[in-house]
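Participant: Dumping the structure here so I can ask a few things about it.
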Amino acid sequence: MKLFQREEMLVMKTYHMYNADSISAQSKLKEAEKQEEKQIGKSVKQEDRQTPRSPDSTANVRIEEKHVRRSSVKKIEKMKEKRQAKYTENKLKAIKARNEYLLALEATNASVFKYYIHDLSDLIDCCDLGYHASLNRALRTFLSAELNLEQSKHEGLDAIENAVENLDATSDKQRLMEMYNNVFCPPMKFEFQPHMGDMASQLCAQQPVQSELVQRCQQLQSRLSTLKIENEEVKKTMEATLQTIQDIVTVEDFDVSDCFQYSNSMESVKSTVSETFMSKPSIAKRRANQQETEQFYFTVREHYGF
Numbered sequence: 015m016k017l018f019q020r021e022e023m024l025v026m027k028t029y030h031m032y033n034a035d036s037i038s039a040q041s042k043l044k045e046a047e048k049q050e051e052k053q054i055g056k057s058v059k060q061e062d063r064q065t066p067r068s069p070d071s072t073a074n075v076r077i078e079e080k081h082v083r084r085s086s087v088k089k090i091e092k093m094k095e096k097r098q099a100k101y102t103e104n105k106l107k108a109i110k111a112r113n114e115y116l117l118a119l120e121a122t123n124a125s126v127f128k129y130y131i132h133d134l135s136d137l138i139d140c141c142d143l144g145y146h147a148s149l150n151r152a153l154r155t156f157l158s159a160e161l162n163l164e165q166s167k168h169e170g171l172d173a174i175e176n177a178v179e180n181l182d183a184t185s186d187k188q189r190l191m192e193m194y195n196n197v198f199c200p201p202m203k204f205e206f207q208p209h210m211g212d213m214a215s216q217l218c219a220q221q222p223v224q225s226e227l228v229q230r231c232q233q234l235q236s237r238l239s240t241l242k243i244e245n246e247e248v249k250k251t252m253e254a255t256l257q258t259i260q261d262i263v264t265v266e267d268f269d270v271s272d273c274f275q276y277s278n279s280m281e282s283v284k285s286t287v288s289e290t291f292m293s294k295p296s297i298a299k300r301r302a303n304q305q306e307t308e309q310f311y312f313t314v315r316e317h318y319g320f
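Going by this note's numbering, 213 is the number at position 199 of the sequence shown; the sequence numbering is gapless.
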């Protein structure tokens, strides 16, 4: 979350910087326009106030004054052109920076939403994988042993059996997320922060940034298509692997009644278990397969960031 905030602040500061430059350039341009208007008005007044002179001297003075005024006007025009170009350049940079800011906001909000709505649930499922099934098998094994050892424990064992039957990974996960709502609830979206009167909060698709946005959109669509195909293949692999793990951990091998066919004493149970139940070759092989499959499952999830 802090990483998203740092990136968002960086893009926002860039946008604010360029927008401030644009506003500054606009102010300088307006100042140049005022100077131009002032110079033109001053020239007109000087022509109106000229006193009568001899024809030759009047012509020379007028030519000289026109030359001075023309030179001054040209300087102001050049300054105005430079400031106009600077303003256009800064305005374009500000528009691009604002577009980048809006795109970054949208991407950040989408990533945060995906994390809290989808990824957290998947992470819980990943960490919880096989827990309820393994717990179910362990408790059923315990129940089978206790029911054969001592019939007097039926009442207490029935209560445990009822609890086992009610084990539900989905409802437990939902209850966990409800209990810690402040942790699993997505935060508020990042909002656009206008800068110095710039209230535009939508992407600007006007020239000259339109072609750049279209090109970027096409690139993103192409990238998304590639990622979609890749994710579909990974999803199929993950689903097949997950189903294999679930098949392994849900094997109904909790019945140990064969261990009690000789004697009800604990010593006999221990020896029988060690000789029959725990020595089955299929158990060791199944555990090895389970570890290998689980390792592959977690490796794929870690690689693709699920």
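Virtual Cβ for every residue (Gly too), placed ideally from N, Cα, C.
1. Tell whether a beta-carbon distance below 8 Å holds between Asn123 and Phe206.
2. Quick one: using the 10 Å Cβ neighbour count with 16 as the cut-off for buried, is Thr65 buried or exposed?
3. Buried or exposed for Arg230, please, with buried defined as at least 16 other CB atoms from any protein chain shown within 10 angstroms of its CB.
4. From this set, Thr307, Val25, Leu238, Gln221, which residue's C-alpha is nearest Ala111's C-alpha?
5. Kindly indicate if chain B contains any beta-carbon less than 8 Å away from that of Arg151.
6. For my contact list, Ile297 and Gly144 are in at a C-beta cut-off of 8 Å; report their separation, rounded to the angstrom.
7. Sort out for me which residues DSSP pairs Asp212 with in a bridge.
8. Compute the beta-carbon to beta-carbon distance between Ile138 and Lys187, rounded to the nearest angstrom, for a pair I have assumed lies under 8 Å.
9. One question on the structure: do Leu171 and Leu163 come within less than 8 Å of each other, judged by their Cβ atoms?
10. How many angstroms separate the CA atom of Glu12 from the CA atom of Gln235?
11. Given this structure, state the Cα-to-Cα distance separating Met193 from Val126, to the nearest angstrom.
12. Tell me whether Tyr194 sits in a helix, a strand or coil according to DSSP, three-state version.
13. Tell me which same chain residues have a C-beta within less than 8 Å of the C-beta of Thr307, skipping the five on either side of it?
14. Using C-beta distances below 6 Å, list every residue in its chain close to Gln304, excluding the 5 sequence neighbours before and after it, in chain order.
15. Below 8 Å between beta carbons: does that hold for Ile90 and Ala46?
16. Give me the Cβ distance between Asn104 and Asp212, rounded to the nearest whole Å; I'm assuming they're in contact under 8 Å.
17. For Gln98, which residues of its own chain have a beta-carbon under 7 Å away from its beta-carbon, when the five flanking residues on both sides are left out?
18. Give the straight-line distance between the Cα atoms of Asn113 and His209, rounded to the nearest whole angstrom.
19. Alpha carbon to alpha carbon, how far is Thr251 from Ala118? Give it in angstroms, no decimals.
20. With DSSP as the reference, label Gln233 as helix, strand or coil.
21. Looking only at C-alpha atoms, which of Lys92, Ile109, Thr28, Val87 sits nearest to Gln224?
22. Compute the distance between the beta-carbons of Phe268 and Arg151, then report whether it is under 8 Å.
23. Quick one: residues in its chain with C-beta nearer than 6 Å to the C-beta of Phe18, no 5 flanking neighbours on either side, listed in chain order?
24. With a CB to CB cut of under 8 Å and the five nearest residues on each side skipped, what residues in its chain are close to Val87?
Facilitator: Quick look at the numbers:
1. In this structure, Phe206 does not lie closer than 8 Å to Asn123 by Cβ.
2. Residue placement at Thr65 cannot be trusted, given a pLDDT of 48 that sits under 50; what the coordinates show is reported in the next sentence. Looking at its Cβ environment, which holds fewer than 16 other Cβ atoms inside 10 Å, Thr65 is exposed.
3. Exposed, by the Cβ-count rule.
4. Ala111 has its Cα closest to that of Val25, out of Thr307, Val25, Leu238, Gln221.
5. Within the model displayed, chain B is absent; a lone protein chain is all it includes.
6. With 8 Å as the limit, Ile297 and Gly144 do not qualify as a contact, their Cβ atoms being about 16 Å apart.
7. In DSSP, Asp212 forms a bridge with His209.
8. The C-beta distance from Ile138 to Lys187 rounds to 5 Å, short enough to fall under 8 Å.
9. Result no, Cβ atoms of Leu171 and Leu163 do not sit closer than 8 Å.
10. This structure cannot settle anything about residue 12, because the visible part of the chain is limited to 15 through 320.
11. Using only the alpha carbons, I get a separation of about 21 Å.
12. Taken through DSSP and simplified to helix, strand or coil, Tyr194 comes out as coil.
13. If we look at Thr307 and ignore the five residues flanking it on each side, its Cβ neighbours are Thr255, Thr258, Ile259, Ile262.
14. A distance below 6 Å between beta-carbons, with the five flanking residues on each side excluded, links Gln304 to the following residues of its chain, in chain order: Ile262.
15. Their beta carbons are under 8 Å apart, which means Ile90 touches Ala46 by this criterion.
16. Their Cβ separation, rounded to whole angstroms, is 13 Å, which puts Asn104 and Asp212 out of contact at 8 Å.
17. Once the five neighbours on either side are set aside, the close Cβ partners of Gln98 are Leu43.
18. Whole-angstrom Cα-Cα distance: 14 Å.
19. Those two C-alpha atoms are separated by around 32 Å.
20. Here Gln233 carries a helix assignment [DSSP, helix/strand/coil].
21. Selected option, being the one with the closest Cα: Ile109.
22. Yes, they are a contact pair.
23. Excluding residues within five positions, the ones whose Cβ falls inside 6 Å are Thr122.
24. Hits under 8 Å: Glu50, Gln53, Ile54, Ser57.
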